[in-house]
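Chains as they are written, first to last, in this note's numbering: chain D, 721 to 1071; chain F, 416 to 815.
Written below as structure tokens is the structure these notes are about.
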Amino acid sequence: MSEHFIVSASPHVRENTSIQKVMFGVVIALVPAIVGSVYFYGVRALLLILLSCLAALITEAVIQKSRGVPVTIGDGSALVTGVLLAFNIPPGVPWWMPVVGSVFAIAIGKQVFGGVGYNPLNPALLGRAFLLASWPVQMTTTWLPGRGGTLSGLTLKGVDVVTQATPLAVMRKVTEIIADPNSTTHQIVQAREVLADLGSSESIANLFMGQVGGCIGETSAILLLIGAAYLMFKHYIEWRIPGTYMATVAILTWAFGGPSGLFTGNALFHILAGGLILGAFYMATDMVTSPVSPKGMIIFGVGCGVLTSIIRLIGGYPEGVSYSILLMNVATPLIDRHTRPKKFGEVKKSG
Amino acid sequence: MGDEVKVGTVIGEAAGFVSVPVHASISGKVTAVGRFPHPLGGEHQAVVIEGDGEDSWDESVVPRDNVDALTPREIRDIIRDAGIVGLGGAAFPTHVKLSPPDSKPIDTAILNGAECEPWLTADHRLMLERPAEVMRGFRLIMKALGCERGFVGIESNKPDAVEAMKAAVPSGSGIRVVMVQVKYPQGAEKQLIDSLLRRKVPAGGLPMDVGVVVQNVGTALAVYEACHKGIPLVRRVVTVTGNPVGNPSNFSPRIGTMVASLVEQAGGLSDEVSKVISGGPMMGMAQFTLDVPVIKGMSGMLFLGPGDVDTRPPDPCIRCGHCVHACPMKLLPTTIEKYVMVEAIDKAVEMGLNDCIECGSCAYVCPSRRRLVHQFKYGKYLSAELRKKAAERSDKEKGN
């Protein structure tokens, strides 16, 4: 028998869990969408994802080495950032873009603040924002149509409104044409036709399966939801943030997103199109950058939803998921401060 | 030194209201009085008795016939003189808990049969083996409190104990045996009261603030022994368990028995032992030696092998919020930890540092293995020091 016992404060047993387990859980959840991206956009998508991951891991290792701290690339957090960054860029970008994005995400988004746990903003989204600001053309035009589908998810019958755009961009364009007093009757008729097509069951099915143009990992709702179900089952994420986020977008786009007045918008289209599902389940739920209290999570989710809806409906971009989440990341410390849960047995002080 | 003592002879007088006397637990000769290692850490005053093997009892230990005629006051005095403290682990003097101020009338007594921690089975065995005595002790406790209503809370994984205790309830006594959900920390006072009565003890308050007093089953048995048989608290049930233990069992050793000899009785330690814990895995105290005695508050001795102990250093907090969901007191453990780590004690207290019951749930679920409870204990210590200093300062100002 050993003469020296370990002496430490309680508790003396722990759940078998670790950062690594949580992070690799997220990677596993992303596998269906990775496979889907290869199916829809070809091996090119896989190469971009691998480059992004490699760049993230190497950047993390190099910086940690130079900081003289233990290299923790095995914990999976840089890997998650790498995959998510690649998921947030179009499949047609030049090969160096995910590399630059990942280096920025890890170096400026994470290590500058002290590494895992200390970054105020979601590193992958920060990397995407950096790329979008620096190379806006590549980031908004290098779309590829999903295999067996078209870029917009529509089979346009000789309509010349917009053909080379993603579903959200098409939605934006036609809504603008309908609202524009200078549009000709012909244009408006065509736009209404396209709008109806966007809301058709065929278009919704394409969005659900992912046979449309979009960022590498965001197009297939079904594959992302499979992974999200796994994360929920493992208790790595919970319903509050994604649930309130999507519900808020649904309500606001239904209320204000229609061409013919209040409550004529297509909520289902707005949930499935663009990066909402990817953002709501995989990035808004990023533990480090979202609130810890249940009430805070709801405020965070609703805030993301409001911002996304504002950007999509009246802002300058067709898509607003990543900026919404980044903005709410910034608000997280404030939310945390004001949403301390009521302590057990706490009573309001009278007076 | 050299005094002859018998079982039940008082060897340590109570020093104030919130203290109780200590009795010799065996008969023999006092061979030393000095400072010895204590399970709660450090060294404490102790009396060493060399046993004479006679086990002869002190003349003061005489059975009582007229137990039903005892007044609440008499019951409290007997409990105090018998040296009875809460045997659930906190070892708070029982007579104090049974003397609520007039401003806080008690309408309900709760007998805590929800084992306070995993691994420990002492309370379970007591309810199975001595249900009638435990129940009589509980009725004496109710009488001392002057309350009509009593609940026995037992976790639903012990249906046999529920049966045994139900059978022991006398008809028309106002006592109900209730099955409560198996969850940790169900055996914590405030949580048990909430489960049984849906009453929430105010933050910073005591159960008596909601008209409730909770007593452990072991304490109830001790009350029975003291009132009926005149026996002071000289023994208690201790669970000896853990993977390295040859034959994990419950024992009823005399207070003061060395842990090393308990271990011998339990078949010795087969494997290598990494950690020795007085109490349970969630709240127990790690020991550095087996040369400590059984004390009144020792509900178990848990031995952990190398495979049971995680010694990896903590990782940074990733703000996953699992601790927030786990906290039964609805605190923000991660935030409080951060405040304590920068010694912003006033902020930590504001966030509920002193409401923490140190149940260990937060640290248990933490993927980064943060030493949350460790920090909270440290923070509470700092907070107490600050309070002491503030009190001294105001005393000084008054003096001037």
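For glycine and all other residues, C-beta sits at the position ideal for the given N, C-alpha and C.
Look at the region 635–705 of chain F and you find these whole runs of alpha helix (DSSP H), each 4 residues long or longer: 674–680. For F/E773, the neighbours in chain D by C-beta distance under 8 Å run, in chain order, S730.
Looking from the CA of F/S714, the closest CA among F/E548, F/T634, F/I733 belongs to F/T634. Here F/I569 carries a strand assignment [DSSP, helix/strand/coil].
In chain order, I826, A827, Q831 place their CB closer than 8 Å to the CB of D/I783, counting only its own chain and leaving out the 5 sequence neighbours on each side. Per the C-alpha coordinates, the member of D/M929, D/A729, D/G963 positioned closest to F/Y779 is D/A729. Within the region 757–827 of chain D, complete alpha helix (DSSP H) segments of at least 4 residues are found at 763–787, 797–807, 816–827, given in chain order.
In the DSSP assignment, F/R450 falls within the beta strand (DSSP E) that extends over 443–452.
By the criterion of a C-beta distance shorter than 8 Å, F/R786 is surrounded in its chain by P729, A778, once the five residues flanking it on both sides are discounted. DSSP, read as helix, strand or coil, puts F/Q790 in helix. Non-local beta-carbon contacts of F/K519 in its own chain, meaning distances under 6 Å to residues more than five positions away in sequence, involve M623 in chain order.
Pairing D/I1045 with D/L805 gives a Cβ-Cβ distance that is not under 7 Å. By the Cβ neighbour-count rule, D/K785 is exposed, with fewer than 16 other Cβ atoms within 10 Å of its own.
With fewer than 16 other Cβ atoms inside 10 Å of its own Cβ, F/Y796 counts as exposed. Contact of F/D761 with chain D by beta-carbon distance below 8 Å is absent, the smallest such distance being about 15 Å. Spanning the alpha carbons of F/R669 and F/S676 requires a straight line of approximately 12 Å. Using a Cβ-Cβ distance cut-off of 8 Å, the region 681–697 of chain F and the region 657–665 of chain F are in contact, since at least three pairs of beta carbons, one from each stretch, lie closer than that value. If you ignore the 5 residues before and after D/G756, its C-beta comes within less than 6 Å of the C-beta of G930, S940, L943, all in its own chain and listed in chain order.
With a threshold of 7 Å between beta carbons, D/S1042 makes no contact with chain F.
The alpha-carbon of D/T886 is positioned some 47 Å away from that of F/I751. Remark: fewer than three beta-carbon pairs, one from each stretch, lie closer than 8 Å, so the region 611–630 of chain F and the region 577–584 of chain F are not flagged as touching. Contact of F/C735 with chain D is assigned, a C-beta pair being separated by under 7 Å. Listed in chain order, the positions of the region 637–651 of chain F with a beta carbon within less than 9 Å of a beta carbon of chain D would be empty, since no residue qualifies. D/C773 and D/V803 have their C-alpha atoms some 6 Å from each other. Of all residues in the region 728–757 of chain D, the ones placed with a Cβ closer than 8 Å to any Cβ belonging to chain F are S728, A729, S730, P731, H732, V733, R734, E735, T737, S738, I739, K741, V742, in chain order. By the 16-neighbour rule on beta-carbons within 10 angstroms, F/S667 is exposed. When secondary structure is reduced to three states using DSSP, F/V595 falls in the strand class.
Relative to the Cα of D/G947, the nearest Cα in the group D/L988, D/P731, D/H724, D/I754 belongs to D/I754. Within the region 821–852 of chain D, contact with chain F at the beta-carbon level (separation under 9 Å) is assigned to G834, G835, V836, G837, Y838. One alpha carbon belongs to D/L1027, the other to D/G1040, and they sit about 7 Å apart. Membership of D/A975 in the alpha helix (DSSP H) is indicated by the continuous run 960–976.
The contact set of D/V800 on chain F, defined by CB atoms closer than 7 Å, is empty, because the minimum CB distance reaches about 11 Å. Between F/S434 and the set F/R495, F/K444, F/E489, the nearest pair of CA atoms involves F/R495.
Identification of residues in the region 1002–1014 of chain D having a C-beta nearer than 7 Å to some C-beta of chain F yields M1007, V1008, V1012, S1013, given in sequence order.
The residues G695, M697, in chain order, have a CB closer than 6 Å to that of F/E532 in the same chain once the five nearest residues on each side in sequence are set aside.
CA-CA distance, F/L543 to F/M550, rounds to 12 Å.
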